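Notes for the one structure printed next.
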Amino acid sequence: MMPGIDGFKTCQVLKERPETWDIPVIFMSALSDTVDKIKGLRLGAVDYVTKPFQHEEVLARVHTHLTVQRLKRELAEREARLTAIVTSAMDGILTFAVDGRVTLFNPAAEIVFGRVAAETLGQPLDSLLSEPLRQVVRDYQQRGQSNLWVPEGLYALRADGKPFPVEATLSRATTAGQTLYTMILRDIEARKQAEAEFNRLHGLNLYLRDEIQTEHDFEEMVGASAALRAVLREVETVASTQATVLVAGETGTGKELIARAIHNRGARRAKPLIKLNCATIPASLAESELFGHEKGAFTGALARKLGRFELANGGTLFLDEVGELPLDLQAKLLRVLQEGEFERVGGSQTLKTDVRVIAATNRDLEQRCREGQFRPDLYYRLNVFPIQSPALRDRREDIPLLVRHFVQKYAAGLGKTIETVPLATLARLQAYSWPGNVRELQHVIERAVIVSRGATLEFGDWLREPTAETGPSKASVTTLEEMEREHILKTLEITGWRVSGENGAARLLGLKPTTLEARMKKLGIERKRGGSEI
870 MMPGIDGFKT
880 CQVLKERPET
890 WDIPVIFMSA
900 LSDTVDKIKG
910 LRLGAVDYVT
920 KPFQHEEVLA
930 RVHTHLTVQR
940 LKRELAEREA
950 RLTAIVTSAM
960 DGILTFAVDG
970 RVTLFNPAAE
980 IVFGRVAAET
990 LGQPLDSLLS
1000 EPLRQVVRDY
1010 QQRGQSNLWV
1020 PEGLYALRAD
1030 GKPFPVEATL
1040 SRATTAGQTL
1050 YTMILRDIEA
1060 RKQAEAEFNR
1070 LHGLNLYLRD
1080 EIQTEHDFEE
1090 MVGASAALRA
1100 VLREVETVAS
1110 TQATVLVAGE
1120 TGTGKELIAR
1130 AIHNRGARRA
1140 KPLIKLNCAT
1150 IPASLAESEL
1160 FGHEKGAFTG
1170 ALARKLGRFE
1180 LANGGTLFLD
1190 EVGELPLDLQ
1200 AKLLRVLQEG
1210 EFERVGGSQT
1220 LKTDVRVIAA
1230 TNRDLEQRCR
1240 EGQFRPDLYY
1250 RLNVFPIQSP
1260 ALRDRREDIP
1270 LLVRHFVQKY
1280 AAGLGKTIET
1290 VPLATLARLQ
1300 AYSWPGNVRE
1310 LQHVIERAVI
1320 VSRGATLEFG
1330 DWLREPTAET
1340 GPSKASVTTL
1350 EEMEREHILK
1360 TLEITGWRVS
1370 GENGAARLLG
1380 LKPTTLEARM
1390 KKLGIERKRG
1400 GSEI
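Taken in order, the sequence shown gives residues 870 to 1403; the numbers are from the numbering used here.
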């Protein structure tokens, strides 16, 4: 006993101090008055032993109380760990009694349901669940199962009544005759959105991988002709809008380049430009390519596939050769253009899409409409802003620039240096009708670069003579000298009559300035006043 302090005061001091409050206190006294025992127990004592006493009995009581104290500590530690787990869990955890009242609602559940725990505790569980999920819980309680996994496909309810998809587990525990149920629940709406985005990006990655391996018709729009400048003005005009564009023109004129130029100058340039050549897709697969399909939708559909409209969401979809689409698919395309929604092949879920459509055709779609091969309503919906891609024979003055561009491109790829293109070669190229347009010119120049052995482009007899229907008039090709003179004049007009320098006609023609001046003198071409050497 401490001097000046009795046992009651000692017990009180021990229980008031944080470092000693949990030490078991046993009173040992000769006083057997019930009042003293009650006072000691109220102060926090765990036992009261009166004298005389047996040492064995005292030791047994001490051992028992130490064991109880140890178990209390372990229980408190477990409860603290459990509380920490429940509080920090990413899944919603709630418990409810047999009568369905909610008895625990962790922070994750507050986030998932959009409800505050203080307002939810004591409320019926049914207010949190859709009717099908309520029935699952009722059946689980009636069957007396210990555990149940609730697969996805059922819905819980947010505070505003909006349903959201969940997956959950149910378990039960009975203590001292009292049963308590636990539901661990996960909102899978975000996961489904993430999975959908992953599938979209995966499909986009596969598409772009194929796209990278396919070289574009030509890399940039090259030329300075009035016809090309008119097209570029139309591109600038429509690019900043969301209007549907129909690009018409012969094969090989660069319709895809026009579509890319519109996309790259518009508000959707940070999103993908997805293309589909309608002429190269079998009719049986065209719908799947456009709208995608579900697993098992048809023989060979081993997995879900995203269509072009999903891949292009937020961006631009370029439909090349749109005039080749089957009639039944034209109606579905019209629906997407008008309502912005569609279903995958084999699916029932209606999907929304935000896509700008640019279509291209080498057909006369008005004639196709008259023949019943193309829907007039779809034609009018596509033809909001028409652009005509000019044939190469209608912009012959661009041929020297295109030749220079392709020579540099393919010579660099082959490690060659080609500095000169003979005037006779340029004259032949300008005289040809180019039924395949720029694409044909590109391939012809590539072949010429391959066979060239020196610094001068070597050109074989690869072009058929122009026909009366598509070629230039006889007057325009009467003599090689006249064609050469006309070609030099057009080149000088393009360069502002600059002969030498980086942007001069001599460099454009692949000639030395002195050589070009000699040819000009021979052909009777006089420099315009105000012309510059640089």
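Ideal placement from N, C-alpha and C gives every residue a C-beta, glycine not left out.
Remember, it's a predicted structure, so these values are computed and weren't measured experimentally.
Problem - CA nearest to the CA of GLN1207, picked from GLU1193, VAL1224, VAL1191 - result: The option with the nearest alpha carbon to GLN1207 is VAL1224.
Exercise for the section: Return yes when the Cβ of ASP995 is within less than 8 Å of the Cβ of GLY969, no when it is not. Expected result: Their beta carbons are under 8 Å apart, which means GLY969 touches ASP995 by this criterion.
Handout entry: C-alpha distance - TRP1426 paired with GLN1277, whole-angstrom precision
Key = This structure cannot settle anything about residue 1426, because the visible part of the chain is limited to 870 through 1403.
Problem - Best match in LEU1203, VAL915, VAL955 for proximity to ALA1228 [C-alpha to C-alpha] - result: Of LEU1203, VAL915, VAL955, the residue nearest in Cα terms is LEU1203.
Practice task
Report whether the distance from the Cβ of VAL985 to the nearest heavy atom of the ligand HEM is below 7 Å.
Solution key: Ligands are entirely absent from the displayed structure, and the ligand HEM is therefore not among its contents.
Handout entry: Alpha carbon of PRO976 to alpha carbon of VAL967, nearest angstrom
Key = C-alpha separation (whole angstroms): 23 Å.
Exercise for the section: Express the C-alpha separation of LEU883 and THR889 in angstroms, rounding to a whole number. Expected result: Distance between the alpha carbons of THR889 and LEU883: 5 Å.
Practice task
Check whether the stretch 936-951 touches the stretch 1029-1036, counting contact only when three or more Cβ pairs, one atom from each stretch, lie closer than 8 Å.
Solution key: Contact fails: fewer than three Cβ-Cβ distances are below 8 Å.
Practice task
Use the C-beta contact count for ILE954: other C-beta atoms within 10 angstroms, 16 or more gives buried, fewer gives exposed.
Solution key: The residue is exposed, with fewer than 16 neighbouring Cβ atoms inside 10 Å.
Handout entry: Cα-Cα separation, LYS1285 to ARG1273
Key = Roughly 14 Å separates the two Cα atoms.
Problem - Inter-residue CB distance, GLU1021 and ILE1057 (contact presumed, cutoff 8 Å) - result: For a cut-off of 8 Å, the C-beta gap from GLU1021 to ILE1057 is around 6 Å, short enough to register as a contact.
Handout entry: PHE1167 in three-state terms, based on DSSP
Key = For PHE1167, the secondary structure class from DSSP, reduced to helix, strand or coil, is coil.
Exercise for the section: Report the rounded CA-to-CA distance for LEU1194 versus GLY1176, giving the unit in angstroms. Expected result: Answer to the nearest angstrom: the Cα atoms are 16 Å apart.
Practice task
Give the straight-line distance between the Cα atoms of GLU1353 and GLY1169, rounded to the nearest whole angstrom.
Solution key: GLU1353 and GLY1169 have their C-alpha atoms some 60 Å from each other.
Practice task
Answer yes or no: do LEU1049 and ALA1037 have a C-beta to C-beta separation smaller than 8 Å?
Solution key: It is not a contact, given that the beta carbons lie outside the stated cut-off.
Handout entry: Straight-line Cα distance separating GLU1156 from THR1289
Key = C-alpha of THR1289 to C-alpha of GLU1156: approximately 50 Å in a straight line.
Practice task
Can you have a look at ALA1300 and say buried or exposed, based on whether 16 or more other CB atoms are within 10 angstroms of its CB?
Solution key: Note on ALA1300: 16 or more other CB atoms within 10 angstroms of its CB, so buried under the neighbour-count rule.
Exercise for the section: Kindly indicate the opening and closing residues of the beta strand (DSSP E) around MET897. Expected result: For MET897, the enclosing beta strand (DSSP E) has its first and last residue at 895-898.
Handout entry: Helix, strand or coil at VAL1307 according to DSSP, with G and I counted as helix
Key = Correct three-state label for VAL1307: helix.
Practice task
Kindly confirm or deny that the stretch 1141-1155 and the stretch 1103-1123 touch, where touching means at least three C-beta pairs closer than 8 Å.
Solution key: The answer is no - the stretch 1103-1123 does not touch the stretch 1141-1155, with fewer than three Cβ pairs under 8 Å.
Practice task
Determine, using beta carbons only, whether LEU1261 and HIS1356 come nearer to each other than 8 Å.
Solution key: Contact: no.
Exercise for the section: Assuming LEU1380 contacts THR1360 (C-beta within less than 8 Å), just tell me the rounded distance between them. Expected result: In this structure LEU1380 is not in contact with THR1360, their Cβ atoms being roughly 10 Å apart against a cut-off of 8 Å.
Practice task
Sort THR972, ILE1287, ARG1333 by Cα distance to GLU1309 and report the nearest one.
Solution key: If you compare the alpha carbons of THR972, ILE1287, ARG1333 with that of GLU1309, the shortest gap goes to ARG1333.
Exercise for the section: Round the Cβ separation of LEU1270 and GLY1121 to the nearest angstrom and send it over; I've been treating them as touching at under 8 Å. Expected result: Incorrect: roughly 17 Å between the Cβ atoms, too far for contact.
Exercise for the section: Tell me, please, which residues DSSP counts as bridged to GLY1161. Expected result: GLY1161 is bridged by DSSP to LEU1175.
Problem - Stretch-stretch touch, CB-based, cutoff 8 Å, three pairs: the stretch 1228-1248 with the stretch 1179-1196 - result: The stretch 1179-1196 and the stretch 1228-1248 touch, with three or more beta-carbon pairs separated by less than 8 Å.
Handout entry: For MET959, the three-state DSSP class (helix, strand or coil)
Key = Judged by DSSP in its simplified three-state form, MET959 adopts coil rather than helix or strand.
Exercise for the section: Give the range of the alpha helix (DSSP H) segment to which ALA1293 is assigned. Expected result: 1292-1300 is the span of the alpha helix (DSSP H), which, as asked, contains ALA1293.
Practice task
Give me the Cβ distance between GLU1163 and GLY1216, rounded to the nearest whole Å; I'm assuming they're in contact under 8 Å.
Solution key: Taking 8 Å as the upper bound for CB-CB distance, GLU1163 and GLY1216 are in contact here, some 4 Å apart.
Handout entry: Contact set for GLU1315: own chain, Cβ-Cβ below 6 Å, skip 5 residues either direction
Key = Setting aside the 5 residues that flank it on each side, GLU1315 is surrounded in the same chain by TYR1279, each with a C-beta closer than 6 Å to its C-beta; the list follows chain order.
Handout entry: Burial state of TYR1248 (16 or more Cβ within 10 Å)
Key = So TYR1248 ends up on the buried side.
Handout entry: Backbone secondary structure at PHE1243 - three-state DSSP
Key = Coil.
Exercise for the section: Measure from the alpha carbon of LEU826 to the alpha carbon of each residue in ARG1237, VAL1318, ARG1244, then state which is nearest. Expected result: The structure shown has nothing for residue 826, since the chain only spans 870 to 1403.
Practice task
Please list, in chain order, all residues of the same chain as GLY1184 whose beta carbon is under 8 Å from its beta carbon, the five residues on each side excluded.
Solution key: Cβ neighbours of GLY1184 beyond the five flanking positions: HIS1132, ARG1137, LYS1140, PRO1141, LEU1142, ILE1143, VAL1224, ARG1225.
Exercise for the section: Could you pull the start and end residues of the alpha helix (DSSP H) that GLU1288 belongs to? Expected result: Judged by DSSP secondary structure, GLU1288 falls outside any alpha helix (DSSP H); it is assigned neither H nor E.
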